[in-house]
Amino acid sequence: MSFTPSSPFSHRVTPHITAGEFANGQEARRFHTIDQCHTAVRLAEFMEKARAHFGGKPVIITSGYRPPAINRRVGGASRSEHLYNGAGVGAVDFYIKGVSVYVLQDYCDAQWPYSIGYGAHKGFVHLGIRAGSPRVRWDY
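Using this note's numbering, the first residue of the sequence shown is number 608, and each one after it goes up by one.
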């Protein structure tokens, strides 16, 4: 069964990451398009790679998809990758339990070919995809 907007939150996007984790368990944060789901799969596949690199420790997603109203409420940028606006655009903030976020951030910087927000001092790493855009880095 492939991952679609109507997939239950228990659906495994990858072996250790569920659809519900991208939505933070909130129906209001459910994906609306198949393109959003495809982007989430790309992000989840990289987080699985990071999980394996760090000995199989659990991945914790702190923020995945944010619809516009929620993005405004949390103070997100008006063009945030978390909005998943368009094919191949999306983001996730995450950490790996028991791994220094600074070490995870360095790993992601070396391995992830798309955008990264350096948020280790806030307890997470931001992974983003901007279709057709160059590799971008910034500090939170």
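From the three backbone atoms N, C-alpha and C, an ideal C-beta is built for every residue, glycine too.
Pull up the CB-CB distance for residue i and residue j, whole angstroms please, since I reckon it's below 8 Å.
i, j, result
"valine 681", "arginine 673", "7 Å"
Which residues in the same chain as residue i place their Cβ atom closer than 6 Å to its Cβ, once the five residues preceding and following it in sequence are excluded?
i, result
"tyrosine 747", "Gly724, Gly726, Lys729"
"threonine 669", "Asp700, Phe731"
"glutamate 628", "Ile668"
"serine 614", "Ala626"
"glycine 693", "none"
Helix, strand or coil for residue i, going by three-state DSSP, please let me know.
i, result
"arginine 637", "coil"
"tyrosine 721", "coil"
"histidine 728", "helix"
"threonine 621", "strand"
Starting from residue i, follow the beta strand (DSSP E) in both directions and report where the run begins and ends.
i, result
"phenylalanine 701", "697-703"
"valine 666", "666-670"
"arginine 744", "744-746"
What residue range is occupied by the uninterrupted alpha helix (DSSP H) comprising residue i?
i, result
"glycine 627", "626-629"
"arginine 680", "675-680"
For residue i, I'd like the list of residues in its chain whose CB is within less than 7 Å of its CB, leaving aside the five on either flank, ordered along the chain.
i, result
"valine 648", "Phe610, Val620"
- Below 8 Å, can you find three or more Cβ-Cβ pairs linking the region 634-645 to the region 657-665? Contact annotation: the region 634-645 does not touch the region 657-665, with fewer than three C-beta pairs closer than 8 Å.
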